[in-house]
Amino acid sequence: MAEHRNSQEQKKEKKIIVASFVLTVLTIVAFGIFLMPGRGIGYSPKQPIPFPHDLHAGKRKIQCLYCHSNVDKSSFSNIPSTAVCMNCHRVVKTDSPLIQQVAKSYETNTPIQWVQVHVLPDFVYFNHQRHIQKGVSCDTCHGNVANMAQVEQVSSLSMGWCVNCHRQPQYQAPLNCNTCHR
Amino acid sequence: MSHEHNENKPVTNQRFWMTLDQKEAPEAFAKTIPGEFTSSPIREGLEKDGLDRRDFLKVMGASAMMASLAGCTRRPVHKIVPYVTNPEEIIPGVPNFYASACPQTGYGLVLRTREGRPIKVDGNSDHPMNRGGLGARGQAAVHDLYDPDRLRAPKIGGVDSDWKTFDAAVGQALASSKGSTYLLTSSILSPTTLALINKYNVKHVMVDSIAMNNVLDGQAQSYGSRVFPRFRLDRADVIVSIGADFLGTWGSVVEYEGQFSAARKLNEKKNTLNKLFVFEGEMSLTGQNADERTAVHPADQMILGLGLAAEVARLTGHSSAELSGFSAAMAAEKTGVPAEKIHAAAEALAKAKGRSLVLADGKGKDGVALQVLANFMNSSLGNEGETVDASIAPSNQFRGSNAELVKLIAAMNAGTVKTLIIQGFNPVYVLPEKMGFKAALAKVANVVYFASHANETSAVAKFVAAESHSFEDWSDVNPQKDLYSVVQPTIQPLWKTKSLLGALLDWAPAVGVKAPANTNDAVKATFQELTKKHGVSQKFQDFWDDLLMSGVFAPGAKARDNKASARSFKGEALKAAVAVAKTLPAKAPFSLLLTSSIAMADGSQANNALLQELPDPVSKNVWGNYLAVSSIDAKAKGWEEGDVLAVEADGNRFELPLYIQPGMKAGVVAAHLGYGRVFNGRNGNGVGVRLANFLAGDQTLVSDVKITKTGAKSPVACTQRHHSLEGRDIIFDTTLEEYKKNPSAGVEHSDNEVPPTIWSEHEYLGYKWGMVIDLNACTGCSACVIACSVENNVPAVGKDQVLKGREMHWLRLDRYYSGEAENPETTSQAMLCQHCDNAPCETVCPVLATVHSSEGLNQMIYNRCVGTKYCSNNCPYKVRRFNWYNNNGDMNSLMEHPLALSKNPEVTLRSRGVMEKCTFCVQRIEYGKSEAKTAGRRANDEDVKTACQEACAADAIVFGDVNNPESKVSKLKNSPRGFLSLNEVNARPAVTYLTKVRNRAPEKTEKA
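So the protein lines, in turn, are chains A and B.
The first sequence begins at 59 in the working numbering and counts up by one.
The second sequence begins at 3 in the working numbering and counts up by one.
See below:
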């Protein structure tokens, strides 16, 4: 469309083209680093109350679903409510100062603010229920949590990592974008 | 028919047109359509969010550099906060559904909540009135709940207070003003609240913001009791409306819409349609749906009614002396309406005795008289008891009385009102100043006002009670006789608010009234009484649990379809009505008609941006009112669209921009009420102009106004100008007669032939999603537009952006006119992403951000999109929307509380620079599929419903799995009425439309 533009506008647009070019280069570098394989692996934040999975799931052999009870019912795997902790800790190790912190949360009705280890971007909709019902075991993605004193991310959780499994013909997993993105 | 349209030249011989200038000067019109991508924030100055493009680039460049230097070693800490004790019914990530009811209309609702917050509201399909449908305002109610401008605490004398102080002060006021306490409310449907008010022994005045006084008073004069009947459009084969916009804003709209549209369905077994005649001055939604619409001046409605009544009386043998002086010919002569139009309506009515219905809404002094005429006709036609039910389930929705209000104002002025409690009604805004309400209010010692926002009335009230939203407290409704629902709260009050019922319970001790402790107990007690009264044998707790689940208690359910008793029409009422006709003022050059809009209604939801940006179903204008003028008047006066006109009458004046509305009667100008609010509402404050001062009692017609051109210009934001389809054949219509001869009549692409394609065909082995939209059932009410926006987090963008063609609606209702400009025919078409098999958008995306799924969905992947907009450029349906801004707020900070709570967590919030469009509600598809899979079966029609489909009271949208031969959609896909929009571009859409079939003589469809 032949449209009259004054010189100021043209200058402005020229500058923008230059800026865009610089931006593009920088972005490619930044994202290149950002997207390097292994991103996020090894992330193991400190929790407000150290929760030893190796003791509970490992030594005491408590099933994952005892605490994460909705993982087969919802897309979202729940972090257990304090009440679930108190099922046992009403009587178990009540003299431990850490357990007393848990008890305090229960008594004062103040939730414990755990730190999320496995974080997906907002535009990804992962569904735990479907994977559990398909028979994918928890440790396929989360690693051997029963050995972890402090939970650590063992999978990159990148799209390539997801799709690697979904591509395997024996799983008959959907490969539509909408399966995860909506 | 040639398909070789020259792209650069709009086709001039097209039959359908969108706006008048397109019909009259298509080439000039083409130039006015905002180019979809020619606009640019750079050329238009600073960005809305205070950051211009250059700064943005600098910041982006810097942050990218920082990011690369830091090497992503630190990641933001995300907290995850579980419940202390998980509520039994909540599984995080899984929605819960609660049955409730709308306190204003009594319609049954189903609220969807996530983690304890309501995010979507729909109609309850088990409710006999709305049957799953819900109008636009109801759909938008969720956003009212999370409106950050709501009052958060009660106020005394303009100062924030707490409920303890407030209750004590109001209790004292009530105790000291026994016998001189008044209660002014909108119609209250809650039996619990009404019973409590009764115990309070106060004088209770009810007023409806959109008044139905005329109907009630007309009923009283004709039959002796002031009752709003249940009009049964489902039983009416012939409907005549004289000015009654029963599909828009008159009466129990959603109920009527469902009934009306059910009769507009056609299939192998049913090849009959009802027939709707509309006589009206302005173009209303009902008029748009008419089979035979005749423009008549609102001041002439009475004469026209008399002519019609005389003909009906003659044909049914009920001729009376009162009507002897009237005839169709006489009415034709006085009103300019062709006599054959009146004859046709009368004959159709007489042919369908007992299966017809006359509805009327008089706008001037003839309001009640015209109702009496309608009642006379209904009685003469034997419709009483058949299509007019005043005994089995008459409505309680409208109980207001203007006469009572006038008495109240007199009492206030006389100083006999010491305490006045106002709820559900904003009198200072709604009532015209000349009624003197505001002045009288100053004479009342204690004014207690229930308000959701600091508004016009709260400014002059001593006690302002912050009112709960109806999703926050218990209540109940009794919208029709023997029909009850519980209003069930789905969230704790967000702020320190109370409902009227809650407050009255809390104040009860102060006035010595014995009352239950809380709203839950009070509502339960009411239903305990009701179960006793109706002999329910179930244990109460079981009954109550069932009731909360089903949402409806209808002891009269079995009798609902019986014939009601026919009341006898009082002859003297007719006499009085005829006498009124003689006193009507002569017609002036210009009359002003005040109407209600579907989006704004009484203006109480003015702060709801989704409603402000809902294109009016008739004019397709958004954000503010306008003066609708006929093309004849505009031409004669030399007025153009956007000219600001000043309208004056009786010392009142307003200025509004002009909009040329096809179908308007010459000599009438019309404008919407509900705008021009002055209140604490960031979206609605000051939008449009307040016109309430032109009202007089029940009269919405100002018979003589002076109109002058101010010389100023103000653009009217009309969405129908955007996305021009360049005159291609996008819809088809036909007539019933032609349909009977050939069910495919009107469809012009021959037998749905599939043109050859260069693309390889998709293979759908599992599901294949598709949709069918029945153009004949759709009334254009626009509930689907709001439902879509709420479900999919579609933002409103504001008037400036709409004027640039940047509205974000994923689903739009296109309105096409055909025929002459003075009285066109209308077709509404819901236009959304067609999920084409040969999608033109998919082939041009350079980054594969939009690709086809194995289930026939055209997927849009936001995180891949780089915003080239090629897809939108290449879309023949113009359904793709580009995010020019971060419409959900600044990405780097949290959204203002509690706005974030209103978002659907299952749908990504899109940021600036990405394209978006209808997904066929893929989040619902995935959820439904998952539920079905868990149950070990294939998802069926019940598992997956799109938001638009669920909202549609007309049941015009059917969605489902085309690969399943049992699904509704796969059966409808093969309907002979079916056609693919723009078949010639061979995109092979997944949406099939069914032709519009008009129930009128076929001659008029001749091509122009």
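The C-beta atom is built at its ideal place from N, Cα and C for all residues, glycine as well.
On a predicted model such as this, the values are computed, not experimentally measured, just so you know.
Exposure label - residue i; buried when at least 16 CB within 10 Å
i	result
L48(B)	In this prediction, L48(B) scores a pLDDT of 46, lower than 50, which makes its location untrustworthy; the coordinate-derived value is nonetheless stated afterwards. Its Cβ having fewer than 16 others within 10 Å, L48(B) is exposed.
I662(B)	buried
V172(B)	buried
I1(B)	The structure shown does not extend to residue 1(B), since chain B is modelled only from 3 to 1010, so the question has no answer here.
P907(B)	buried
N976(B)	exposed
G676(B)	buried
V83(B)	exposed
R154(B)	exposed
G327(B)	exposed
L1015(B)	In this structure chain B extends from 3 to 1010, so residue 1015(B) is not present and cannot be described.
T274(B)	exposed
P848(B)	exposed
H200(A)	buried
A334(B)	buried
Distance between beta carbons of residue j and residue i, contact taken as under 8 Å
i	j	result
N98(B)	S139(A)	The Cβ separation is near 17 Å, so there is no contact.
Y85(B)	P103(A)	No, Y85(B) and P103(A) are not in contact; Cβ-Cβ is about 21 Å, not under 8 Å.
V452(B)	F168(B)	Rather than Val, the amino acid found at residue 452(B) in this sequence is Phe. With 8 Å as the limit, F452(B) and F168(B) do not qualify as a contact, their Cβ atoms being about 12 Å apart.
V554(B)	S472(B)	That pair is no contact at about 17 Å.
V624(B)	T781(B)	Contact flag wrong, Cβ pair sits at about 19 Å.
A1(B)	L359(B)	Here chain B has residues from 3 to 1010 only, and residue 1(B) is not among them.
V314(B)	A348(B)	5 Å
P664(B)	G644(B)	P664(B) to G644(B), Cβ: 17 Å. No contact.
S182(B)	V419(B)	6 Å
K742(B)	A297(B)	Actually they do not touch by this definition, with Cβ atoms about 29 Å apart.
Y100(B)	Q614(B)	Contact flag wrong, Cβ pair sits at about 28 Å.
Neighbouring residues, chain A, relative to residue i (Cβ below 8 Å)
i	result
P94(B)	N128, S132, F134 and N136
S855(B)	N234, C235 and N236
N876(B)	The premise fails here: N876(B) is roughly 17 Å from chain A at the closest Cβ pair, so nothing lies under 8 Å.
Q925(B)	Y183 and R240
T936(B)	Q187 and Q191
Y864(B)	F181 and H239
Within-8 Å CB hit, residue i to chain D
i	result
V796(B)	In the displayed structure, chain D is absent; the protein chains listed are A and B.
Where residue i meets chain B, residues with beta-carbon distance less than 7 Å
i	result
S139(A)	P84, Y85, V86, T87 and N88
Within chain A, the residues that residue i reaches when beta carbons sit closer than 9 Å
i	result
T921(B)	N236 and R240
K81(B)	Q171, W172, V173 and Q174
T107(B)	Residues of chain A passing the Cβ test: none, with the nearest at roughly 33 Å.
N906(B)	Those do not exist, as N906(B) stays about 10 Å from chain A at its closest Cβ, beyond 9 Å.
Opposing strand residues paired with residue i [DSSP bridges]
i	result
A524(B)	In the DSSP output, where bridge partners are listed per residue, A524(B) has none listed.
L278(B)	I241(B)
Y819(B)	W19(B) and T828(B)
G980(B)	L996(B)
F427(B)	F427(B) is not bridged to any residue.
F230(B)	S397(B)
I733(B)	Beta-bridge pairing links I733(B) to no other residue.
E294(B)	F279(B)
K711(B)	L647(B)
S487(B)	V479(B)
Contacts of residue i in chain A (Cβ-Cβ under 7 Å)
i	result
L859(B)	N236
Q836(B)	None at all; the shortest Cβ gap to chain A is about 17 Å.
V909(B)	R240
S932(B)	N185, Q187 and R188
Q) Which residues, taken in chain order from the stretch 152-181 of chain A, show a beta carbon closer than 8 Å to some beta carbon of chain B? A) S163, Y164, N167, T168, P169, I170, Q171, W172, V173, Q174, V177, P179, D180 and F181
Q | Members of the stretch 101-112 of chain A that neighbour chain B once the beta carbon cut-off is set at 9 Å | A | Residues of the stretch 101-112 of chain A with a C-beta atom less than 9 Å from some C-beta of chain B are Y101 and P103, listed in chain order.
(Q) What are the residues in the stretch 186-208 of chain A lying within 9 Å of chain B by C-beta distance? (A) H186, Q187, R188 and Q191
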